[in-house]
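Numbering (our numbering) for the sequence shown: 142 to 446. C-beta: ideal position from N, C-alpha, C; glycine also. Everything below concerns the one structure shown next.
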Amino acid sequence: MTLDAPVATWVESRLGAAPQGVFFEARSMSEVWGVALADGRRVAVKRRGGGERLAISAAAHRAAERAGIDTPALLAGPDIAGEEQWLTAEEWRPEGALLPEGDAPVLFAGLLAHLVAALATVDAEGLEPPPWLHYAHDAPGRVWPPPASDRWDPHRIEADLPPALAVIARAARARLRASDLPPVLGHADLNGLNVRWVGDRPIVHDWDSIALLPEAVLVGTLAVDHVAAPDAGAIADVATGERVIAAYEDVAGRAFDADAREVAWAATAWLACYNAAFEHLHGGPGAVTAQILRDGDERLALAGA
């Protein structure tokens, strides 16, 4: 595994040490390399699109660092690296476990509350939501948001999905769109994919997943999705989701009003349906589909939908 020459040149220029080898490489929506530098440091170098979103993500990343939230330090970038491509470099931080030592719903809720507070001064005007929370799209005739590619478009296989899935998603989406709660900036993908734990201390990764959305939507997202892990699709049950919402209120020092609570539950239903649809895109129904088909009506009732 080797770096492209322009990337290697950028690394040496921005980090002051030449790359000595690549020990990790991954390609998906972005390209990521784990790079060993001549001075002994190990860094993660990323090349991806993003433009305005990436600039806001970097500002949020640095604001979180300043607030004392443990996260791989952003060392350089985002710098332009060709047409619609940008480079960043950050510390390589592989340590930590998928689950905390302690009460996971409470610890994840506390993490989100601290992040929302830390990012309150970041200018995120115009930030588009991440695909999984783009429920406010205006594409006609669609439940699911327009995708980055046809390959990952649930609308393409909607006839093959359990009919109840689109019914639940449509009702949840209508409830979310009916609310006019103000947005806050937060991380919209806090789970085993992007958080590592050293005891009860979190290390937060993936700052591309920030979102400017109502606080209740972010809390509902966490309430249903904090149990997700690499290669293990899952959603939290209703009782666990309730514990997350209550814990967030405790840390934030204020209770949600009735509208915000309903929006949080609508967010759990929407995201569960979205993730279930993606199970089908990946080959067939799994644990998420089974769970939302069991408890979707209960979530909608809690959402007032």
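(request) Go ahead and pull the three-state DSSP assignment for F165. (result) strand
(request) For R342, name the three-state secondary structure that DSSP assigns. (result) strand
(message) Does the stretch 414 to 429 come into contact with the stretch 379 to 395, if we say contact requires no fewer than three beta-carbon pairs (one atom in each stretch) closer than 8 angstroms?
(response) no
(request) Please list, in chain order, all residues of the same chain as P271 whose beta carbon is under 7 angstroms from its beta carbon, the five residues on each side excluded. (result) A329, S350, A352
(request) Spell out the partners DSSP gives R189 in its beta bridges. (result) W227
(message) Can you list, in chain order, the residues of its chain with a C-beta nearer than 6 angstroms to that of L239? Leave out the 5 residues immediately preceding and following it.
(response) G333, A370
(message) Could you tell me the alpha carbon to alpha carbon distance between P450 and D347, rounded to whole angstroms?
(response) Outside the displayed range of the chain (142 to 446) lies residue 450, so it cannot be described from this structure.
(request) Identify, in the order they occur along the chain, each residue of the same chain with its Cβ nearer than 6 angstroms to the Cβ of E172, setting aside the five sequence neighbours on each side. (result) R188
(message) Suppose contacts are defined by Cβ-Cβ distances below 7 angstroms. Is F164 in contact with A179 by that definition?
(response) no
(request) Find out if the Cβ-Cβ distance for the pair E232, P213 is shorter than 7 angstroms. (result) yes
(message) If contacts are defined as beta-carbon pairs under 8 angstroms, then A196 and A259 qualify, I think. What distance do you get, rounded to the angstrom?
(response) Not quite, the Cβ-Cβ distance comes to about 18 angstroms (not below 8 angstroms), so this is no contact.
(message) Taking 8 angstroms as the cut-off, does the stretch 312 to 320 touch the stretch 233 to 252 (at least 3 CB pairs, one atom from each stretch)?
(response) no
(message) Does the stretch 372 to 379 come into contact with the stretch 276 to 286, if we say contact requires no fewer than three beta-carbon pairs (one atom in each stretch) closer than 8 angstroms?
(response) no
(message) Relative to the C-alpha of A167, which candidate in G175, V284, S154 has its C-alpha closest?
(response) G175
(request) Figure out for me which residue from R234, A261, G191, G251 has the closest Cα to the Cα of R207. (result) A261
(message) Can you find the residues in the same chain that come closer than 6 angstroms, C-beta to C-beta, to R311, ignoring five residues on each side of it along the sequence?
(response) V284
(request) For G394, decide whether its Cβ has a neighbour in chain D, counting only Cβ atoms nearer than 7 angstroms. (result) Absent here is chain D; the protein component of the structure consists of one chain.
(message) Going by DSSP in three states, W348 sits in which element: helix, strand or coil?
(response) helix
(message) To the nearest angstrom, how far is the alpha carbon of A305 from that of A159?
(response) 55 angstroms
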